[in-house]
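Asker:
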Amino acid sequence: MTEAGLVHERLADWYAHAARDLPWRRAECSPWGVMVSEVMLQQTPVARVLPRWLEWMDRWPTPAATAAAPAAEILTVWDRLGYPRRALRLQAAAAAMVERHGGEVPTTAEELRDLPGVGEYTAAAVACFAFQRPEVVVDTNIRRVHARVFSGKALPGKTYTAAQRQLAREVMPATFDDDGALACTWNIAAMELGALICTARAPRCASCPVADLCAWRLAGSPPATEEEKTRGQAWAGTDRQVRGAIMAALRQGRPVLQWRLLDQLPLPEATAQQRLRCLESLVADGLAVRGISTDPEEPGETVIALPGLLDSPQDPSHQVLPASPGAQ
DNA sequence: AAATCGGGGAG
DNA sequence: CTCCCAGATTT
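Counting from 1, position 223 in the first sequence corresponds to residue 223 in UniProt numbering; the numbering is continuous, with no gaps.
#1: Please report the straight-line C-alpha distance between L11 and E3, rounded to a whole angstrom.
#2: Can you tell me the Cβ-Cβ gap for residue 332 and A224, rounded? I've got them flagged as a contact below 8 Å.
#3: Pairing CB atoms from the stretch 192 to 207 with CB atoms from the stretch 130 to 149, are three or more of them under 8 Å?
#4: Rounded to the nearest angstrom, what separates G244 and L6 at their Cα positions?
#5: Cα separation between P325 and L50?
#6: Am I right that L287 and P116 are in contact with their C-beta atoms under 8 Å? What's the rounded C-beta distance?
#7: Identify whether A305 lies in helix, strand or coil by the three-state DSSP scheme.
#8: What's the call for V242, buried or exposed, on a 16-neighbour Cβ count within 10 Å?
#9: Which one of A219, R217, P266, D212 has the shortest CA to CA distance from A236?
#10: Rounded to a whole number of angstroms, what is the C-alpha to C-alpha distance between S37 and R231?
#11: Does DSSP put V256 in a helix, a strand or coil?
#12: Pick helix, strand or coil for R290, following the three-state DSSP scheme.
#13: Between A323 and the rest of its own chain, which residues show a CB-CB distance below 7 Å, the 5 nearest in sequence each way excluded?
#14: Pick from A284, P296, I304: whose alpha carbon is nearest that of P255?
#15: Of the residues A71, M191, P268, I246, which one's Cα is nearest the Cα of S281?
#16: Can you give the Cα-Cα distance for E135 and R86, rounded to whole angstroms?
#17: Mapping the DSSP letters down to three states, classify W56 as helix, strand or coil.
#18: Take R251 as the anchor and find which of T107, E73, A27 has the nearest alpha-carbon.
#19: Using only alpha-carbon positions, find the residue among G300, T66, C205, G152 that is nearest to E104.
#20: Do V39 and F129 have their CB atoms nearer than 8 Å?
As structure tokens, then:
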């Protein structure tokens, strides 16, 4: 296997001049800013996160501010980043920080891991990038870089295996407990290499600082096996597409009559059964709320809205429907 | 280990 | 058109 020491030096030098200037990487960025960026970046490219992160941090620059925001606004600012449950979990994580951590982002991976929406990757990333702790950070980019540089494979495969986790530990630079700088540089540099050079589709090996050390190149750049390829998730016709269309309609901001909402989805192929099933799942997830219209024009009609929009002083025309699972 | 959960830009 | 992106949670 390729020795890690020289790779550390090469990547650190490369990162020093090639790194993108992202706002959540700046020294003045708060731990909360790092936390917000990591959650937004889960399965979502940097280019699409940037504008949403800037608006979020402008409106809710602290966990306390985020925890106090109406859920409807949280989901509206999240916009079309995808997987909107992430937005609610980020708010729930903010609330947990207010309750259990004095309104501060916890500093250890163990504490971070206990927050809603924070898994192995995000806990390690926040601990490392916000608090300079020498955690082993492994995302999809780093898995791919490790697979190529150290294991000589084209792609790492779909699942994060125990062997890959062990490899990630082994190739970490030696660090002292009181100084995670080396580890942080290694993590962020490997991630950046995967994002800019060692890409999944068409790697730019001509510009790679470790091309001459890469086990995959030295093996002749063999193509990915069928096992290694990640088959893309289907999209057209899925519940995810229908749920997305419902959320897009609700993001317009006003409560909508349920029959009209489901009837006017721009998805001709979706059956009435699927539309209703998806709406139920969104309500179950807390992403939508059902209520009863008190509007004289259509009294008693079922209405749907983003959470927190019903029964407000600004809009007395609708009431929240008391929990009744069978309601339609 | 496998399914589910968004959305859009790049190839 | 297909692929893939700083994953987490549930089954």
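Built from N, CA and C at the ideal position, the CB exists for glycine as well.
Answerer: With the structure as the only source:
#1: If you take the alpha carbons of L11 and E3, they lie about 13 Å apart.
#2: Within the shown structure, residues of the chain are numbered from 1 to 328, placing residue 332 beyond reach of any answer.
#3: Flag = yes, the stretch 192 to 207 and the stretch 130 to 149 touch.
#4: Each residue's Cα considered, the two are about 46 Å apart.
#5: For P325, the predicted model reports a pLDDT of 44, less than 50, meaning its position is unreliable and no value from the coordinates is stated.
#6: With a contact defined as Cβ atoms closer than 8 Å, L287 and P116 miss out at about 14 Å.
#7: Looking at A305 - three-state DSSP - the assignment turns out to be strand.
#8: Burial check for V242: the Cβ neighbour count within 10 Å reaches 16 or more, so the residue is buried.
#9: Taking the Cα of A236 as reference, the smallest distance to any Cα among A219, R217, P266, D212 is reached at P266.
#10: When rounded, the distance between both Cα atoms is 27 Å.
#11: If DSSP states are grouped into helix, strand and coil, V256 belongs with the strands.
#12: The three-state secondary structure of R290, taken from DSSP, is strand.
#13: With a pLDDT of only 42 at A323, under 50, the local geometry of the prediction cannot be trusted, and the value read off the model is given with reservation. Once the five neighbours on either side are set aside, A323 has no close Cβ partner at all.
#14: Nearest to P255 by alpha-carbon distance, out of A284, P296, I304, is I304.
#15: Measuring from the Cα of S281, the nearest candidate turns out to be I246.
#16: Note on geometry: alpha-carbon atoms of E135 and R86 lie some 23 Å from one another.
#17: DSSP, reduced to helix, strand and coil, places W56 within a helical segment of the structure shown.
#18: Among T107, E73, A27, the Cα nearest to that of R251 belongs to E73.
#19: Answer by Cα proximity: T66.
#20: Contact: no.
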